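Peer 1: Residue numbering for the sequence shown follows the working numbering, beginning at 18 and increasing consecutively.
Ideal Cβ placement from N, Cα and C applies to all residues, glycine included.
Predicted model only: the values in this text are computed from it and were never measured.
This is the structure, below, for whatever I ask next.
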Amino acid sequence: MIPAAYARAVASLSGASIPVVSVLHSATNDDYSNPALRASEYLLRFAAAAVVTVTDTARDNYRMRFGSAGRIETIPNGTQIDRFRFNPAERHRLRHALKVGEKQIVLLQVGRVARVKGQVSSVLALQRLVSGGHDVVLWFAGLTETDEYRQEVVEKIAKLKLEHHVLWLGSRSDVPSLLSAADVYLMPSLREAHSVAMIEALASSVPVVASDIDAFAKLSRFEGVRCIPVSDSASYAAAIESFIKYQPRFERDLSAFSVKRVAERYFDLFKQILMRDDFGTDRA
C-alpha cells in the first residue's frame, strides 16, 4: 500500500495522466487500520483508477473505511498450479530420503516460523495423535522469522517428549515434492491475506486442515479441506485424524487461481481503465 501511495502522489503532483491501480494484500485484510496510513488514503484514494483487493474481507474493510468511491475489484493471488500437482515418484523418493516409515503418517506445515503461523498449535495436536497411538511425524518447512518463538516451539516439543516426531526442514526450494510426500497439510495461521501456500497445497491434492479464519472461508468449499478452531487442540487433532485413517488425495479444480487466469483478470481491468477518457468516462 505504501508503494501505491507513492505512485499516486507522484502521478498527482506531476500532472501526468497515468492510471494507477492500488493492490491491497495485508495479512490482516485491513490495510488501513493504521490512522496515519488511513489519513493518507483519504487524500489519495481518488487518484487511483482502481483498487484491487485479494479477498472479499479486505474489500469490505476498505469500503467500511472509505465508502464506495472509485472502482474496487477483488482478484485473488495466483500460482503455477501444474508445478504443484501430486507426483507419486517424488513422494516415494523424498519419503525414502527423509527416512519415513512405510506406514508412517507425515504432517506438513510450510511457512515462516512466527507466532502468527501457529506452529505451537500443530505441536499440541501432534501430541494428541501420538498419545492416541498414531505413528506420525510433523515436518516444519520454512525460515525462522522469530528466534524467540522458535525456541518456544522447541521447548514445547521437548516438554511433550516429541523430539522424535518433529523434523525441522528449514527453508526449502522443493515445496512441490514436500506436498507430494505429505499425508496431511496443516495451516493453523492466526491471520492471512490470500494465502498462496494454501492454493499450492490444494493443487497437490493433499488433505488440508486449517484455521477457521476469514481468509480460508471460500477455500473450505473444496473437497478434503477442514477449517476448524486450531486453538482447540482436541478439535485440531480430530480433524487431522479424520484424514489419516484412509490417507486420501483430492482432485480439485483450481483454474481460477492459476497465474494465467489471474493475469487475464488484471489485463481485463487495465484494458477497461484505458478505454475510458480521463479514466472516468467510458469511450463510445
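(1) If you drop the 5 nearest sequence neighbours on each side, which residues of the same chain put their C-beta closer than 8 Å to that of residue 104?
(2) In whole angstroms, what separates the C-alpha of residue 218 from that of residue 68?
(3) How many Å lie between residue 117 and residue 141 at the Cα?
(4) Let me know the secondary structure DSSP gives residue 153 once reduced to three states.
(5) Is it a yes or a no for the stretch 230-247 touching the stretch 259-278, going by three-plus beta-carbon pairs under 8 Å?
(6) Just the Cα atoms here: how many angstroms apart are residue 175 and residue 181?
(7) Per DSSP, what are the beta-bridge partners of residue 204 in this structure?
(8) Please state whether DSSP places residue 281 in a helix, a strand or coil.
(9) Taking 8 Å as the cut-off, does the stretch 89-104 touch the stretch 115-129 (at least 3 CB pairs, one atom from each stretch)?
(10) What's the C-alpha gap between residue 156 and residue 171?
(11) What does residue 91 pair with, by DSSP beta-bridge criteria?
(12) Would you call residue 66 buried or exposed, if buried means 16 or more other Cβ atoms sit within 10 Å of its Cβ?
(13) For residue 285, count neighbouring C-beta atoms within 10 Å of its own C-beta (all shown protein chains included) and say buried if the count is 16 or more, exposed if not.
(14) Can you tell me whether DSSP reads residue 140 as helix, strand or coil?
(15) In angstroms with no decimal places, state the Cα-to-Cα distance between residue 73 and residue 81.
(16) For residue 245 and residue 191, what's the separation of their Cα atoms in angstroms?
(17) If you run the structure through DSSP and keep just helix, strand and coil, what is residue 177?
(18) Got a sec? Which residues, its chain only, sit under 8 Å from residue 133 by beta carbon, not counting five neighbours each side?
(19) Can you say whether residue 58 is buried or exposed, counting buried as having 16 or more other CB atoms within 10 angstroms of its CB?
(20) Helix, strand or coil for residue 35? Go by DSSP, reduced to three states.
(21) Assuming residue 312 and residue 224 are in contact, meaning their beta carbons sit under 8 Å apart, how far apart are those beta carbons, in whole angstroms?
(22) Secondary structure at residue 198, three-state DSSP: helix, strand or coil?
(23) When you compare only the Cα positions, how much space is there between residue 216 and residue 270?
(24) Measuring only the C-alpha atoms, how far is residue 230 from residue 236?
(25) Using only CA atoms, which one of 161, 292, 144 and 279 lies nearest to residue 258?
(26) For residue 61, count neighbouring C-beta atoms within 10 Å of its own C-beta (all shown protein chains included) and say buried if the count is 16 or more, exposed if not.
Peer 2: Let me spell this out:
(1) Against the sequence shown, residue 104 aligns to sequence position 87. The answer, listed in chain order, is 193, 194 and 197.
(2) Here residue 218 is taken as the residue at index 201 of the sequence shown, counted from 1. Here residue 68 is taken as the residue at index 51 of the sequence shown, counted from 1. Distance between residue 218 and residue 68, taken at the CA atoms: about 28 Å.
(3) Counted from its first residue, the sequence shown places residue 117 at position 100. Counted from its first residue, the sequence shown places residue 141 at position 124. Between residue 117 and residue 141, the C-alpha separation is close to 21 Å.
(4) Reading the sequence shown from its first residue, position 136 is the one you call residue 153. It is a strand residue.
(5) yes
(6) By 1-based counting over the sequence shown, the position of residue 175 is 158. By 1-based counting over the sequence shown, the position of residue 181 is 164. C-alpha separation (whole angstroms): 10 Å.
(7) Mapped onto the sequence shown, residue 204 falls at position 187. According to DSSP, which records beta bridges pairwise, residue 204 is partnered with 227.
(8) Taking the first residue of the sequence shown as 1, we reach residue 281 at position 264. Note: residue 281 maps to helix in three-state DSSP.
(9) No, the stretch 115-129 does not touch the stretch 89-104.
(10) Translated into positions along the sequence shown, residue 156 becomes position 139. Translated into positions along the sequence shown, residue 171 becomes position 154. Each residue's alpha carbon lies about 13 Å from the other.
(11) In the sequence shown, residue 91 corresponds to position 74, counting from 1. Paired residues: 70.
(12) Reading the sequence shown from its first residue, position 49 is the one you call residue 66. Buried is the call here.
(13) Looking up residue 285 in the sequence shown gives position 268. Answer is exposed; the Cβ neighbour count stays below 16.
(14) Against the sequence shown, residue 140 aligns to sequence position 123. Three-state DSSP puts residue 140 in a helix.
(15) Stepping through the sequence shown from its first residue, residue 73 is reached at position 56. Stepping through the sequence shown from its first residue, residue 81 is reached at position 64. Their backbone Cα atoms lie some 12 Å apart in a straight line.
(16) Against the sequence shown, residue 245 aligns to sequence position 228. Against the sequence shown, residue 191 aligns to sequence position 174. Cα to Cα, residue 245 sits roughly 28 Å from residue 191.
(17) Here residue 177 corresponds to residue number 160 of the sequence shown, with the count starting at 1. Looking at residue 177 - three-state DSSP - the assignment turns out to be coil, as it is neither helix nor strand.
(18) The sequence position of residue 133 within the sequence shown is 116, counting from 1. These residues qualify, in order along the chain: 44, 206, 207 and 208.
(19) By one-based count along the sequence shown, residue 58 stands at place 41. Classification for residue 58: buried.
(20) Here residue 35 refers to the residue found at position 18 when the sequence shown is read from its first residue. Residue 35 falls in the coil class under three-state DSSP.
(21) Beyond the ends of the chain as shown, which are 18 and 301, falls residue 312; an answer cannot be given.
(22) Mapped onto the sequence shown, residue 198 falls at position 181. In the structure shown, residue 198 sits in a helix (DSSP, three-state: H, G or I).
(23) On the sequence shown, position 199 is the one that residue 216 refers to. On the sequence shown, position 253 is the one that residue 270 refers to. The straight-line gap from Cα to Cα measures roughly 11 Å.
(24) Position 213 of the sequence shown, counted from the first residue, corresponds to residue 230. Position 219 of the sequence shown, counted from the first residue, corresponds to residue 236. Distance between the alpha carbons of residue 230 and residue 236 is about 11 Å.
(25) What you label residue 258 is simply residue 241 of the sequence shown in a count that begins at 1. If we check each option's Cα against that of residue 258, 144 comes out closest.
(26) To locate residue 61, count along the sequence shown from 1; it is residue 44. Under this definition residue 61 is a buried residue.
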